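Engineer: Oh and the sequence shown: position 104 is 1073 in our numbering, straight run, nothing missing. Okay, here's the structure, questions in a sec.
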Amino acid sequence: MKEFAKFIQKKIPFYYGWIIVTGSGSSMFVRNSAATLTIAVFVYPMSENLGWSRTVIVGASSLAGILAIFISPLSGWLIQKYGTKITLLISVLLLGLSIALLSQTFSPIMFYLLFGISRIIFSSPIQIGATTIVTKWFSKNRGKATGLLGMFHSLGMGFFPLFAQIIMNISGGNPDSWRNSWLWLGISVWIISIPLISLTLFNSPSDLGIKTNVSKREKAVSEKLGRSYKSVSLKFALKSITFWMLAIVGFLTYFIHTGVNIHQAAYLIDKGISPIYAATTLTIMAIGTGFGSIICGWASDKFQAKKTYFFIALWLALSSFLFLGISNIFSAFVVAFIFGIALGGLLVIPPVVLADIFGKENIGAIRGYSEPFVSAGQAFGGITAALIYDFSGSYELTFPIFSVVAIIAAILIIASPKIKY
């Protein structure tokens, strides 16, 4: 594998780190087989075919989010000890298997077990691993590289929900056509990502014999952006109030992220939009996410990432509220794209902010302690929206609540103090 990578390195006219972005990006792409946007496509047909309530189906994602709170520190430790490549490879193997086996689901317990495994992999080892390896390969263009990584994720966001719906339609729209869909989603995970991870990934430039020398000019630019070349220990990070404030922001923003994503398709169907158009709206959101990833990645290399994070939180507040105004497919497309831009920012900016503040050497372990807050937000956001629907019969109260939560997150971001080394 190393010989192949060295051969590629000699042939390409650019930094090998961009190949790393592609390899790790494949895992970010396929993790969307377990994304909330993907399960959103299954909420309606599975609830109709199996007779389960929407809360039961959404509850699997929420339970997995709670379990990921405890798994994330372990994922960070595994990445620090065994490296990102091994962690990502095993994660993708298990992800594909658990997704494919969902085609055999007949009971809530089985569904919770299998989707729980896939959702934990989505939330923890892949999310932490892919962003950690990119952080270690980049300093100067960290924002752009992480933005491109977010683009891979957004492509997966667009691909898997639409692919799932197409498979259901090809299967004849039978009551259990969702089973074929889960099977092919699992197979596609293996085909797309395993070869790229195996052939291209290395944990750091030194593993491939690449020297990374930073010029004085690059250091000066990084200092202006608040980007530290000093790396602090996990213990130091956990003692800082800045870490905990940003961790809470992760909870609040992903509370909104998942609350909207997992219910969006059902919300649109309830408003009279057909299932295929509802799935297409998820693809439009994914396009917005890709656009947001690139823009926010560029912005974090141009301005301070923390300031970009603040504006993304405000954008999240606005776009969440706009869901109340959806009345037809056109307005659904527009709002989905606007909300997708905010999601792109949430993919890119948080890992860049943490790496800028705490350095890149121990970022895997540090992310292992910040991601549980993200997982908790994902768990409670989806189930909160489901409970609001089950008790009130609509999602009308959900979106104003999400807007207020996003404003609180923005205040915490701008109020978090600069750490003293």
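From the three backbone atoms N, C-alpha and C, an ideal C-beta is built for every residue, glycine too. Since this is a predicted model, take the numbers as computed values, not measurements.
Suppose you measure from the CA of residue 995 to the CA of residue 1101; what does that come to, to the nearest Å?
Structural biologist: 14 Å
Engineer: Any idea what DSSP makes of residue 1037, helix, strand or coil?
Structural biologist: helix
Engineer: In angstroms, rounded to a whole number, what distance separates the CA positions of residue 1331 and residue 1200?
Structural biologist: A straight line joining the alpha-carbon of residue 1331 with that of residue 1200 spans about 7 Å.
Engineer: Shortest alpha-carbon distance to residue 1360 belongs to which of 973, 1024, 1089?
Structural biologist: The shortest Cα separation from residue 1360 among 973, 1024, 1089 belongs to 1024.
Engineer: Buried or exposed: where does residue 1270 fall if 16 or more other Cβ atoms within 10 Å of its Cβ makes it buried?
Structural biologist: buried
Engineer: Starting from the C-beta of residue 990, find all residues in its chain whose C-beta is less than 7 Å away, skip the five residues before and the five after it, and write them out in chain order.
Structural biologist: 1103, 1114, 1117, 1118
Engineer: Thinking just about the alpha-carbon of each residue, which of 1388, 1223, 1381, 985 is nearest to the one in residue 1178?
Structural biologist: 985
Engineer: Would you mind giving the Cβ-Cβ distance between residue 1072 and residue 1149, rounded to the nearest angstrom? I have them listed as a contact below 8 Å.
Structural biologist: 7 Å
Engineer: Does DSSP put residue 1365 in a helix, in a strand, or in coil?
Structural biologist: coil
Engineer: Should the region 1084-1100 be called in touch with the region 1042-1062, which here means at least 3 C-beta pairs below 8 Å?
Structural biologist: yes
Engineer: Can you give me the Cβ contacts of residue 1219 inside the same chain, cut-off strictly under 8 Å, excluding the 5 residues immediately before and after it?
Structural biologist: 1319, 1339, 1340, 1342, 1343, 1346
Engineer: In the DSSP assignment, find the unbroken alpha helix (DSSP H) run with residue 1327 in it and report its ends.
Structural biologist: For residue 1327, the enclosing alpha helix (DSSP H) begins and ends at 1298-1327.
Engineer: Would you give the residue range spanned by the alpha helix (DSSP H) that residue 1244 belongs to?
Structural biologist: 1244-1271
Engineer: Determine the contact status of residue 1257 and residue 1350, defining contact as a CB-CB distance below 8 Å.
Structural biologist: no
Engineer: When you compare the CB positions of residue 1036 and residue 1085, do they come within less than 8 Å of one another, or not?
Structural biologist: yes
Engineer: Out of 1002, 1075, 1317, 1291, which has the shortest C-alpha to C-alpha gap to residue 1305?
Structural biologist: 1291
Engineer: Buried or exposed: which applies to residue 1124, given that a residue is buried once 16 or more other Cβ atoms fall within 10 Å of its Cβ?
Structural biologist: buried
Engineer: Alpha carbon to alpha carbon, how far is residue 1082 from residue 1250? Give it in angstroms, no decimals.
Structural biologist: 29 Å
Engineer: Are the beta-carbon atoms of residue 1232 and residue 1375 separated by less than 8 Å?
Structural biologist: no
Engineer: Enumerate, from N- to C-terminal direction, the unbroken alpha helix (DSSP H) stretches of 4 or more residues contained entirely within the region 1031-1103.
Structural biologist: 1053-1070, 1077-1090
Engineer: Roughly how many angstroms separate the alpha carbons of residue 1372 and residue 1307, rounded to a whole number?
Structural biologist: 14 Å
Engineer: Expressed to the nearest angstrom, what Euclidean distance is found between the alpha-carbon atoms of residue 1386 and residue 1281?
Structural biologist: 19 Å
Engineer: Please name the residue in 1162, 1002, 1288, 1054 whose C-alpha comes closest to that of residue 1070.
Structural biologist: 1002
Engineer: Could you tell me which of 1313, 1133, 1334, 1365 sits nearest to residue 1295, measuring between CA atoms?
Structural biologist: 1365
Engineer: If I'm right that residue 1158 touches residue 999 with Cβ under 8 Å, what's the distance once you round it to whole angstroms?
Structural biologist: 4 Å
Engineer: Beta-carbon within less than 6 Å of residue 922's beta-carbon, same chain only, minus the 5 sequence neighbours each way: which residues are those?
Structural biologist: Not covered by the structure: residue 922. The range shown for the chain is 970 to 1390.
Engineer: Which of helix, strand or coil does DSSP assign to residue 1159?
Structural biologist: helix
Engineer: Take residue 1127 as the anchor and find which of 1246, 1203, 1166, 1090 has the nearest alpha-carbon.
Structural biologist: 1246
Engineer: For residue 1284, which of helix, strand or coil comes out of DSSP?
Structural biologist: helix
Engineer: Within 10 Å of its beta-carbon, does residue 1278 have 16 or more other beta-carbons around it, so buried, or fewer, so exposed?
Structural biologist: buried
Engineer: Looking at the structure shown, is residue 1201 part of a helix, part of a strand, or coil, going by DSSP?
Structural biologist: coil
Engineer: Determine the DSSP secondary structure at residue 1018, reduced to helix, strand or coil.
Structural biologist: helix
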